[in-house]
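Residue numbers (this note's numbering): 2 to 88.
Think of the CB as a built atom: it goes at the ideal place given N, C-alpha and C, for glycine as much as any other residue.
Treat the numbers as computed from the prediction; the structure is a model and nothing was measured.
Since the structure comes first, as structure tokens, the remarks are kept for the end.
Structure (structure tokens):
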């Protein structure tokens, strides 16, 4: 039973992370980015794995997209810390 106390917060953090990335992808789509590119860039920023492609330039050269990506990077690191602390 005590293992559930460790499993539940971790699964909750993963679920919140998933929803956050999904919401950011929608926000990127609202700025005019294609669905596939928006999802990939959102996941890339959230996980901290940046790829130097022309798609990344589309994100960096737009001020609203850059702000969204900045928040994704910050929240991605905060999510990792949350999972580590709860474990």
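Cβ separation of residue 57 and residue 77, assumed to be a contact under 8 Å, to the nearest whole Å | Locating residue 57 in the chain shown gives position 56, where the first residue counts as 1. Locating residue 77 in the chain shown gives position 76, where the first residue counts as 1. Cβ atoms of residue 57 and residue 77 stay farther apart than 8 Å, at about 16 Å.
Taking the alpha carbon of residue 39 as the point to measure from, which residue in 48, 23, 14 and 49 has its own alpha carbon closest?
-> Here residue 39 refers to the residue found at position 38 of the chain shown. The shortest C-alpha separation from residue 39 is found at 23.
Between 15, 44 and 63, which lies nearest to residue 33 when the distance is taken from Cα to Cα?
-> Counting from 1 along the chain shown, the entry for residue 33 is found at position 32. Restricting attention to 15, 44 and 63, the CA atom closest to the CA of residue 33 is found in 63.
Segments of 4+ residues assigned as alpha helix (DSSP H) that fall wholly inside the stretch 13 to 48 = 36 to 48
Alpha-carbon spacing of residue 71 relative to residue 5, whole angstroms = For this step, residue 71 is matched to residue 70 along the chain shown. For this step, residue 5 is matched to residue 4 along the chain shown. Approximately 33 Å between the Cα atoms of the pair.
Based on Cα-Cα distance, which residue from 31, 15 and 42 lies nearest to residue 54?
-> Mapped onto the chain shown, residue 54 falls at position 53. Of all alpha-carbon atoms in 31, 15 and 42, the one lying nearest the alpha-carbon of residue 54 is that of 42.
Proximity of residue 73 and residue 25 at Cβ, strictly below 9 Å = In the chain shown, counting from the first residue as 1, residue 73 sits at position 72. In the chain shown, counting from the first residue as 1, residue 25 sits at position 24. Remark: C-beta atoms of residue 73 and residue 25 approach each other more closely than 9 Å.
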